[in-house]
Amino acid sequence: MDTASLLVFISLGVLTLVPALFVVNSRSIVHAGFWLLPCFLGVAGLYAALEAHFFFVTQLLIYAGAILVLVLFALMLTRNAMNPTESQSNRLKPVAALVCTAFAAGSTFILVKHPWAITTDTPKPAGVQTEALGNALIQNYAVPFEVASLLLLAALIGAIVLAKSDRGPVPEPAPLADLTSGTAGGE
Amino acid sequence: MPVTAPSSSEYLPIIVFTLVGIGFVGATLLFSRLIQPHAPSKAKNSTYECGVAPTGNAWQQFNPHYYLFALLFVVFDVEAAFLYPWALAYRRVGMYAVGEMILFVVLLGAGLVYAWRRGALEWE
Amino acid sequence: MVPTSYYMILSGILFTIGVLGVLVKRNPIVIFMCIELMLNAANIAFVALGRHFAQVNGQMYVIFALAVAAAEVSVGLGIIVSIFRTRESINVDEMNLMKF
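Here it is as structure tokens:
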């Protein structure tokens, strides 16, 4: 293990864990949302350090790009819901902090003591690695692949139903013929 | 299939670019802070110095429609993430892989058609 | 190369921070952010172990976790937004009814 990669790992770890602590500790929910960004960037850097180049990009695209935007929109839709001057935590905080510290210490102890097998893996080039991922996705994981599509479809429909249901009576969906004959939107 | 060299040093340009970007913004802000004259007045400190005085709270409720667009964006962003490794590997597997991806895209396309028919794509 | 155990320890600590947030926070959107932290911690562990054992399966779980995270965040935040609009409050400690 050379010093340079250890240094990179430590700085990425700090970039991930310190903003994560701010997310949990921040009094303002908007600040908590924005602290999520450096945390996601740190995780993306960790993927890069792990030579998982594809996930470096997807982490930036999906977590830092899309999910964070969705969370911030949800914050803006519900902003006045809670008084920012009162505490954002419930009364369990000291007990929970104690239990969580104990849990982290215990899992760290176990991970340090665990006899790790010597890894023989040499990192593959980015293209080859992602191609192997695609091969496994098509061949061994074909059914989960389609189920993931179904899951995303269900989430899309469910979220549209939730987001549109409270704007008065639901408008009658137009017959499908309208859609195909070129009247955009159908309503 | 182009094969790139296996090395983390490929990230060096990204790191340099990030540092230069942060450094440029920081240096510009610092420089303007150093050379600007400091003479605040009541008019200068208002929200819009030459505009209409704002009324009400800035923390107003957003149009929920933004949420629907962000939602569609997330779902199709994930679809793109699935498409990329497939696109690298489908040639070796052939028509089977193409059929799988057509099913995948058609299922999500049904979601898009549903969103369209519910009027989620229209701005009121 | 940095040993796999370092990544696992980092993942464990990030997961614990997420658990702490889920336990103590009162705003469900912040709880969602903490769930995202936990998912990210699990993803780091999957990628690190996948590299350790030279298996593609680790990365495969991460790509499905991404789809699950996207589905979860869109429906979950939709539920929170619609609860807020009917109840004008999103304090989880006050939400104790299955219907309203």
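Chains as they are written, first to last, in my numbering: chain A, 540 to 726; chain B, 56 to 179; chain C, 2 to 101. Every residue, glycine too, gets a C-beta built ideally from N, C-alpha and C.
Can you grab the Cα-Cα spacing for the pair residue i / residue j, in whole Å?
{"i": "A:P710", "j": "B:E177", "result": "Here the model assigns A:P710 a pLDDT of 44, short of 50, so the residue's position is not dependable and the matter cannot be decided."}
{"i": "B:A152", "j": "B:E134", "result": "16 angstroms"}
{"i": "B:A170", "j": "C:I32", "result": "28 angstroms"}
{"i": "B:V71", "j": "C:P4", "result": "26 angstroms"}
{"i": "A:E590", "j": "A:A644", "result": "28 angstroms"}
{"i": "B:Y145", "j": "A:V667", "result": "13 angstroms"}
{"i": "A:A605", "j": "B:P92", "result": "41 angstroms"}
{"i": "C:N41", "j": "B:V80", "result": "29 angstroms"}
{"i": "A:L545", "j": "B:A94", "result": "48 angstroms"}
Near residue i, what residues of its chain come up, given a Cβ to Cβ distance below 6 angstroms and the 5 sequence neighbours on each side ignored?
{"i": "C:C35", "result": "G19, G22 and V23"}
{"i": "C:L50", "result": "G59"}
Beta-carbon of residue i versus every beta-carbon of chain B: anything under 8 angstroms?
{"i": "A:G725", "result": "Below a pLDDT of 50, predicted positions are generally treated as unreliable, and A:G725, at 38, falls in that range; no measurement from the model is reported."}
{"i": "C:V63", "result": "no"}
{"i": "A:A713", "result": "Note on A:A713: pLDDT 46, under 50, position unreliable in the model; no value is reported."}
{"i": "A:P708", "result": "Residue placement at A:P708 is flagged as unreliable, the pLDDT there being 42, under the threshold of 50; a coordinate-derived value is accordingly withheld."}
{"i": "C:S6", "result": "no"}
{"i": "C:A55", "result": "no"}
{"i": "C:S12", "result": "no"}
{"i": "C:V82", "result": "yes"}
Can you tell me which of the options puts its alpha carbon nearest to the alpha carbon of residue i?
{"i": "A:F593", "options": "C:L15, C:V48, C:I81 and C:Y8", "result": "C:V48"}
{"i": "A:Q598", "options": "C:S6, C:G51, C:A70 and C:H53", "result": "C:A70"}
{"i": "B:G111", "options": "B:T102, B:P140 and B:S87", "result": "B:T102"}
{"i": "B:Y121", "options": "A:V610, A:A644, A:V686 and A:G584", "result": "A:V610"}
{"i": "A:S688", "options": "B:G174, B:R172 and B:G166", "result": "B:G166"}
{"i": "C:Q60", "options": "A:I696, A:Y680 and A:L672", "result": "A:L672"}
{"i": "A:T555", "options": "C:S6, C:L38 and C:R86", "result": "C:L38"}
{"i": "A:Y602", "options": "A:L614, A:L576 and A:A702", "result": "A:L576"}
{"i": "C:R86", "options": "A:S544, A:A635, A:V651 and A:A702", "result": "A:A702"}
{"i": "A:L631", "options": "C:S6, C:Y7 and C:K26", "result": "C:K26"}
{"i": "C:S83", "options": "A:Q678, A:I699 and A:N679", "result": "A:I699"}
{"i": "C:I14", "options": "A:H653, A:I696 and A:F648", "result": "A:F648"}
Would residue i pass as an interface residue toward chain A - the criterion being a Cβ-Cβ separation below 8 angstroms?
{"i": "B:F137", "result": "yes"}
{"i": "C:A66", "result": "no"}
{"i": "B:G81", "result": "no"}
{"i": "B:L74", "result": "no"}
Once you ignore the five residues that flank residue i on each side, which residues in its own chain have a CB closer than 7 angstroms to its CB?
{"i": "C:V63", "result": "N44, F47 and V48"}
Closest Cβ-Cβ distance between residue i and chain C: below 8 angstroms?
{"i": "B:V148", "result": "no"}
{"i": "A:V651", "result": "yes"}
{"i": "B:V133", "result": "yes"}
{"i": "A:G552", "result": "yes"}
{"i": "A:G572", "result": "yes"}
Quiz item: What are the residues of the region 117 to 131 of chain B that lie near chain C, defined by any Cβ-Cβ distance shorter than 8 angstroms?
Solution: P119, Y122, L126, V129 and V130
Quiz item: Of the residues that make up the region 20 to 51 of chain C, which ones have a beta carbon closer than 7 angstroms to any beta carbon in chain A?
Solution: V20, L21, G22, L24, V25, K26, R27, N28, I30, V31, F33, M34, C35, E37, L38, N41, I45, V48 and A49
Quiz item: Taking a cut of 8 angstroms between CB atoms, which residues from the region 578 to 597 of chain A lie near chain C?
Solution: C578, F579, V582, L585, Y586, A588, L589, E590, A591, F593, F594 and T597
Quiz item: Quick one, which residues of the region 691 to 702 of chain A are near chain B if we go by CB-CB under 9 angstroms, in chain order?
Solution: L691, L692, A693, A694, L695, I696, A698, I699, V700 and A702
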